[in-house]
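In UniProt numbering, the protein residues as written are 1 to 189.
Glycine is no exception: its CB is placed at the ideal position from the N, C-alpha and C atoms.
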């Protein structure tokens, strides 16, 4: 799935123009998938051309191409726009109670009336993007956007004792000492 993140630029200079600015993320099937549709069409065409009633087979690649081009989820600061093959649905952030995640990592928006609306092309790895675009109205369940409570170890000027207690480093140092002892024993004999 392709995620396109854009900045809306509205240079009107008015208060309305300032409210219209914000991030936008588009989740959709990549356009390169149309190459597979073209190959499907080329494989189907010889069979469909042999008999007139088999021309119906050409509907399959055309339907798949329409699905690829049309299906998407657009996230803006105002809410989600879910576009499917047969319709479009606007979901403001206030109407979304949370997200439901399936075992196959697909995401559905759970509305305040407990109905689930599948979000095409949105996966669990996209949830931090949705949190950023919504400007915090949707919390990030992954914790990727949370700032660390403390700095990195050793940033407060104290020595880092974890280096001295590293078993892998101690083992490497011990094996280096053993190899030196072996070479001295071999040279002395």
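Could you tell me whether the stretch 73-86 touches the stretch 29-44, using the rule of 3 or more Cβ pairs below 8 Å? no
Same chain only: Cβ atoms within 6 Å of residue 138, ignoring 5 sequence neighbours per side: Here residue 138 refers to the residue found at position 138 of the chain shown. Hits under 6 Å: 130, 131.
Please identify the residue among 103, 114, 134 whose C-alpha is closest to the C-alpha of residue 123. In the chain shown, the residue the question calls residue 123 occupies position 123. Out of 103, 114, 134, 103 has the C-alpha closest to the C-alpha of residue 123.
Quick one: residues in its chain with C-beta nearer than 8 Å to the C-beta of residue 73, no 5 flanking neighbours on either side, listed in chain order? Against the chain shown, residue 73 aligns to sequence position 73. Taken in chain order, the residues that qualify are 26, 27, 28, 80, 81, 82, 83, 119, 120, 121, 122.
Distance, Cα to Cα, residue 93 vs residue 71? Counting from one through the chain shown, the residue named residue 93 turns up at place 93. Counting from one through the chain shown, the residue named residue 71 turns up at place 71. Distance between the alpha carbons of residue 93 and residue 71 is about 20 Å.
Residue range of the beta strand (DSSP E) that residue 139 falls in? Within the chain shown, numbered from 1, the residue matching residue 139 stands at position 139. First-last for residue 139: undefined, no H or E at that position.
Whether residue 111 touches residue 68 by CB criterion (9 Å): Against the chain shown, residue 111 aligns to sequence position 111. Against the chain shown, residue 68 aligns to sequence position 68. Not a contact, by the Cβ cut-off of 9 Å.
Can you give me the C-alpha to C-alpha distance between residue 136 and residue 106, rounded to a whole angstrom? Working through the chain shown from its first residue, we reach residue 136 at position 136. Working through the chain shown from its first residue, we reach residue 106 at position 106. So the alpha carbons of these two residues sit roughly 21 Å apart.
For residue 32, which of 56, 50, 54, 65 has the nearest alpha-carbon? Reading the chain shown from its first residue, position 32 is the one you call residue 32. When each option's Cα is compared against that of residue 32, the closest is 65.
According to DSSP, is residue 34 part of a helix, a strand, or is it coil? As a position in the chain shown, residue 34 is number 34, starting the count at 1. Residue 34: helix per DSSP, three-state reduction.
Mind reading off the beta-carbon distance from residue 54 to residue 45? Whole number of angstroms is fine, and I expect it under 8 Å. Residue numbering aside, residue 54 sits at position 54 when the chain shown is read from its first letter. Residue numbering aside, residue 45 sits at position 45 when the chain shown is read from its first letter. That pair is no contact at about 10 Å.
Go through the stretch 48-129 residue by residue and report every complete run of the alpha helix (DSSP H) that reaches 4 residues or more, in order. 59-70
Cα separation between residue 115 and residue 75? Counting from one through the chain shown, the residue named residue 115 turns up at place 115. Counting from one through the chain shown, the residue named residue 75 turns up at place 75. Rounded to whole angstroms, residue 115 to residue 75 spans 19 Å at the Cα level.
Buried or exposed: where does residue 62 fall if 16 or more other Cβ atoms within 10 Å of its Cβ makes it buried? Working through the chain shown from its first residue, we reach residue 62 at position 62. Exposed, because fewer than 16 other Cβ atoms sit within 10 Å of the Cβ of residue 62.
For residue 29, does the three-state DSSP call read helix, strand or coil? Translated into positions along the chain shown, residue 29 becomes position 29. Three-state result, residue 29: coil.
Distance check for residue 56 and residue 127, CA to CA, integer angstroms please. Locating residue 127 in the chain shown gives position 127, counting from the first residue. Locating residue 56 in the chain shown gives position 56, counting from the first residue. Looking at the two C-alpha atoms, the distance is approximately 40 Å.
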